[in-house]
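Numbering (UniProt numbering), first residue to last: 1 to 144.
Note that CB positions come from ideal geometry on N, CA and C, so glycine has one too.
For reference, the structure is listed below as structure tokens.
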């Protein structure tokens with residue numbers, strides 16, 4: 001069985017609220033990218049874990065759908081997905097409670113029924129969907 005490993009690292013200095021951190025990915029796409037309280041709970045410059053999870057989920061789902069469509073003989077012209085991660089307070093902590101995927105697709109010759117079936121299969125089969133213990137919804141629109 002094949003096994004693929006990807007990695008990222010975080011560095012943090014200071015307290016939870018006043019401290020600052022940086023994130024670096026194995027690929028180098030993120031290199032010492034700033035994150036902290038203001039980027040996570042306000043709108044300060046930098047990134048945050050939830051934004052990265054949203055990007056990962058949108059990318060994973062969209063690629064999974066491209067494979068589902070191709071496997072069914074339908075080549076997509078365009079697949080555009082956004083992911084909205086909901087971070088909610090739970091007691092004294094926080095949890096990722098939900099992810100809302102919104103998809104706009106252009107796939108010639110595909111019925112609405114088959115489109116929905118393939119999109120739902122991609123949502124269920126995407127590795128990021130599988131790792132998240134959150135309610136994941138999908139709003140999928142097929143353009144004619």
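CA-to-CA distance, residue j to residue i, given in whole angstroms
i: residue 43; j: residue 144; result: 37 Å
i: residue 5; j: residue 56; result: 15 Å
i: residue 112; j: residue 106; result: 11 Å
i: residue 46; j: residue 89; result: 22 Å
i: residue 32; j: residue 108; result: 42 Å
i: residue 53; j: residue 97; result: 12 Å
i: residue 150; j: residue 37; result: Outside the displayed span of the chain (1 to 144) sits residue 150, for which this structure offers no information.
i: residue 75; j: residue 120; result: 17 Å
i: residue 95; j: residue 87; result: 6 Å
Residues sharing a beta bridge with residue i, DSSP
i: residue 83; result: 101
i: residue 90; result: 93
Identity of the residue in the options nearest residue i by Cα
i: residue 84; options: 136, 17, 126; result: 136
i: residue 30; options: 65, 9, 91; result: 9
i: residue 28; options: 7, 87, 76; result: 7
i: residue 17; options: 134, 64, 51, 41; result: 41
i: residue 50; options: 1, 132, 142; result: 132
i: residue 101; options: 142, 21, 58; result: 58
Cβ distance (whole Å) where residue i is taken to contact residue j below 8 Å
i: residue 139; j: residue 110; result: About 17 Å; that fails the 8 Å criterion.
Threshold first: 3 residues or longer. Then list the beta strand (DSSP E) segments lying entirely within the stretch 8-32, N to C. 8-13, 20-25
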